[in-house]
Amino acid sequence: MTDISHSATARRLLIVVPCYNEESVLRETHSRLDVLSKSLSEKYSDLWVGMLYVDDGSSDATWQIISDLSGKNPQAGGLRLAHNAGHQQALWAGLEWASQRVDAAISIDADLQDDVNAIPEMVEKWLGGADIVYGVRRDRPTDTFFKKHTAQLYYKLLRKLGGDVVYNHADYRLMSRRALSALMQYPERNVFLRGMVRLLGFNQEYVYYDRAPRFAGESKYPLRRMLAFAVDGITSFSVRPLLLITWLGIAITFCSFCAIVYALLSYAFGHVLPGWTSLLISVWFLGGAVLTSVGIIGIYVGKIYQEVKRRPRYFLADRVSPQGLSE
Ligand code: UDP
Ligand code: MG
65 MTDISHSATA
75 RRLLIVVPCY
85 NEESVLRETH
95 SRLDVLSKSL
105 SEKYSDLWVG
115 MLYVDDGSSD
125 ATWQIISDLS
135 GKNPQAGGLR
145 LAHNAGHQQA
155 LWAGLEWASQ
165 RVDAAISIDA
175 DLQDDVNAIP
185 EMVEKWLGGA
195 DIVYGVRRDR
205 PTDTFFKKHT
215 AQLYYKLLRK
225 LGGDVVYNHA
235 DYRLMSRRAL
245 SALMQYPERN
255 VFLRGMVRLL
265 GFNQEYVYYD
275 RAPRFAGESK
285 YPLRRMLAFA
295 VDGITSFSVR
305 PLLLITWLGI
315 AITFCSFCAI
325 VYALLSYAFG
335 HVLPGWTSLL
345 ISVWFLGGAV
355 LTSVGIIGIY
365 VGKIYQEVKR
375 RPRYFLADRV
385 SPQGLSE
């Protein structure tokens, strides 16, 4: 048992939960977080624990539930985004709010796939001096074969391309206030939090847990969104695909020189090239290579376009602060 009651002011910890159409899980999530926060407050006499639910423009009763929970529980509050800004932006909204009001924030998904029982260990590491504590999945027994393997492949690819991410870590983590304030200084609009947080440095620690199946409701990440997120992860952190294109271009140019020399020699010595098949194939191949390259460059150009617009990340439509935290 760690006693921090000697410190002059109580430490405040906020659990930030992004919620998009989560009416079927929210009450259960809250009751589990509530049990946890009570046991934490018992253990650490000088620790205040609150929850902030960020409604990411849900179309179901999510916001009503959040308002109701906030009315009944003094340490619960919520932010309501004006539209569906996406998981990462919703998380950003919550963390930004936390960065100005509390000493540390833990981000966790609403569906309870991440084991809340890892939180006490995170808190312990934080009180022991860590600024960032990553929740890392031990294994993925509940994921489908497809999701498990594509995810592993993706982490490896991302690493190879130079993006530093923690293997098997999603967005379940604790961040101290100074880590949060540092994060808030990143101006980019394309946020891939697990990569950005890694860049912050400070004292980083890990906590391991088992991932459970979704408690209720459906995944808000269909394949289409997962793919978009995956591409975002790579293009936000690595310019190596651009370099690869350049090398590919140089290699192909070299090959085509050889082919030209060969063709000229054959012509000079009277060999008639019999096949147009090979020609056709190379034309197709080059067309494909060029198009792919242009496409990849296009992705980066698109990102630059989005960044230079400097659009606001989200708008707040409504909010209820947990009691004791300023508006
Ligand atoms: N989420 C969100 N906005 C979105 C999509 C998802 O805030 O546009 C939230 C969702 O409510 C959940 C978390 O992000 O708390 C992760 O989503 P989900 O569990 O559906 O993803 P999965 O675990 O299937 O990858
Ligand atoms: Mg989930």
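All residue numbers for the sequence shown refer to this note's numbering, where the first residue is 65 and numbers rise by one. Cβ coordinates follow ideal geometry from the N, Cα and C atoms, glycine included. Source: prediction; values computed, not measured.
As the crow flies, the alpha-carbon of residue 296 is around 14 Å from that of residue 215. Residue 94 is not bridged by DSSP to any residue. Put simply, of 301, 234, 160, 94 the residue whose alpha carbon is nearest the alpha carbon of residue 224 is 301.
In the structure shown, residue 305 adopts helical secondary structure according to DSSP, grouped into three states. When DSSP states are grouped into helix, strand and coil, residue 288 belongs to the helix group. Straight-line measurement puts the Cα of residue 289 at about 15 Å from the Cα of residue 218. Note that the C-beta distance between residue 116 and residue 158 is below 7 Å. The beta-bridge partner set that DSSP reports for residue 119 consists of 83, 144.
Assignment of residue 231 by DSSP, reduced to helix, strand and coil, places it in the coil class.
In this structure, residue 156 places its C-beta atom within 7 Å of the C-beta atom of residue 255.
DSSP places residue 110 outside both helix and strand once states are collapsed to three, so it counts as coil. Residue state for residue 382 is assigned as strand, using DSSP reduced to three classes.
Taking 6 Å as the cut-off, the C-beta of residue 151 counts as close to a heavy atom of the ligand UDP. Residue pairing from DSSP places residue 239 in a beta bridge opposite 169, 196.
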